[in-house]
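Protein sequences appear in the order of chains A and B. Heads up, the first sequence is in our numbering, so the first residue is 5 and it goes up one at a time. Heads up, the second sequence is in our numbering, so the first residue is 383 and it goes up one at a time.
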Amino acid sequence: MNQIEQVEDVLAIAEAWRAAGETVALATVTETWGSSPRPAGSQMAITASGRMAGSVSGGCIEGAVAEAARETMTSGVPRLLDFGVTHERAWEVGLACGGKVKVFVEALA
Amino acid sequence: MTPALLAALQAARAEKRPVVLATRLPDGAQSLLPDPAAPAPLAEAAARALRDDVSGPVILGEENWFLHAYNPPPRLAIVGAVHIAQALAPMAAGLGFGVTVIDPRGAFATSERFPGVTITTAWPDEAMDAFAPDTRSAIVTLTHDPKLDDPALDAALRSQAFYIGALGSRKTHAARLKRLRALGHDEAGLARIHGPVGLDIEAVSAPEIALSILAEIVAVRRGAAMGQKAAA
């Protein structure tokens with residue numbers, strides 16, 4: 005059984021933020037390799053105003069994910085981000101643990 | 383994700399209905415399953431994700447999908463609204479378990495002692511019928527009283543609960559197994575009971591005992607070696 009029990013209910017927070025008039029994006033870990041810190045299904049919600057809830061790693065890539073999320077909020081186009089240490093140098097960040105993750109970013113709209 | 387789809391997902395979670403949010407990558411087309419209108423391969427993959435309780439990517443034909451399995455939270459029934467239960471209930475809730483405390487002794491099973499926890503004062507056999515343990519349920523008996531613990535363990539052994547634990551010394555446990563044998567349970571069934579309950583971390587205080595119990599429940603749930611019972 006691999007269901008993850010979140011520390012916070014990210015979806016409920018995202019819903020509440022949107023109800024309060026915020027522009028919201030969701031980021032979800034879709035795939036992991038090696039010793040990545042959070043399993044597939046881990047989520048983070050981000051607002052245009054800079055609020056964040058949940059996590060998609062141990063803190064290594066949240067900043068870059070938030071940046072991509074802000075672009076998705078503006079463009080409305082979802083993105084599939086690839087993070088790793090061994091390839092994909094397009095991003096300035098990676099996972100110190102040597103794992104790799106894919107993160108899907110979508111607007112809540 | 384559209385707000386309407388998020389609302390539907392949240393409604394399913396609130397009603398404890400197992401659902402899968404399927405997202406096609408990378409364009410983000412989404413649907414919530416089960417859905418009679420879904421194509422068979424997607425429906426089957428979603429059913430498998432729920433059964434295995436694993437979220438992850440799948441390739442269906444030429445398409446990449448991410449299947450996010452939302453199963454209801456695992457549940458823990460604590461029989462005996464005793465001191466250890468007061469430590470165990472909030473710690474288990476923190477680990478994501480839906481907690482039910484069972485104790486017909488109304489003086490123990492009060493919302494003052496167990497704030498925010500589901501409490502039932504029915505007799506354990508009836509309470510366990512209502513709790514209806516399944517493969518995502520754990521049951522721990524803490525009363526030390528055979529009149530209360532035994533009916534709960536009897537019901538637990540007849541269920542698919544993934545974890546059954548009983549507080550008590552080795553001597554108490556041996557006597558308990560003898561009584562449960564008399565109720566018709568065989569050795570394979572009785573071997574499912576973790577007793578003395580919890581991982582051996584030399585726990586002394588109630589929160590420490592609660593921690594050892596929860597550590598054992600997590601170990602069993604995740605398939606860790608230390609969750610396996612030593613040969614009797």
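Just so it is clear, CB atoms sit at the ideal spot from N, CA and C, and this is done for glycine as well.
CA-CA distance, Gly58 (chain A) and Cys64 (chain A)? 13 Å
At least one CB of chain B closer than 7 Å to the CB of Glu19 (chain A): is that the case? yes
Strictly below 7 Å CB to CB, what residues from chain A border Met383 (chain B)? Counting only Cβ-Cβ distances below 7 Å, Met383 (chain B) has contacts in chain A at Leu30, Glu110, Leu112, in chain order.
Quick check on this structure: which residue in A:Thr76, A:Lys106, A:Leu85, A:Leu84 has the alpha carbon closest to the alpha carbon of Thr27 (chain A)? A:Thr76
Delimiting residues of the beta strand (DSSP E) encompassing Ser413 (chain B): 412-415
Taking the straight line between their C-alpha atoms, what separation do you get for Ala534 (chain B) and Met510 (chain B)? 6 Å
Select from the segment 28-52 of chain A all residues with a C-beta closer than 8 Å to any C-beta belonging to chain B, and list them in chain order. Leu30, Thr32, Thr34, Glu35, Pro43, Ala44, Gly45
Can you pull the chain B neighbours of Ala16 (chain A), defined as C-beta to C-beta under 8 Å? Chain B residues near Ala16 (chain A): Gln392.
CB Ile575 (chain B) to CB Ala548 (chain B), shorter than 7 Å? yes
Can you list, in chain order, the residues of its chain with a C-beta nearer than 8 Å to that of Glu35 (chain A)? Leave out the 5 residues immediately preceding and following it. Ala44, Val105, Lys106
If I measure Cβ to Cβ from Ala475 (chain B) and keep anything under 7 Å in the same chain, skipping five residues before and after, which residues do I get? Val481
Can you look up Ser519 (chain B) in the DSSP assignment and give me helix, strand or coil? strand
Excluding the 5 residues flanking Pro400 (chain B) on each side, which residues of the same chain have their C-beta closer than 6 Å to its C-beta? Leu432, Asn453
The segment 396-409 of chain B: positions lying closer than 8 Å to chain A by Cβ: Thr405, Leu407, Pro408, Asp409
Indicate whether Ala592 (chain B) and Ile466 (chain B) have their beta-carbon atoms separated by less than 7 Å. yes
Using a Cβ-Cβ cut-off of 7 Å, state whether Leu596 (chain B) counts as contacting chain A. So, not an interface residue.
Closer than 7 Å to chain B by CB, Leu84 (chain A): yes
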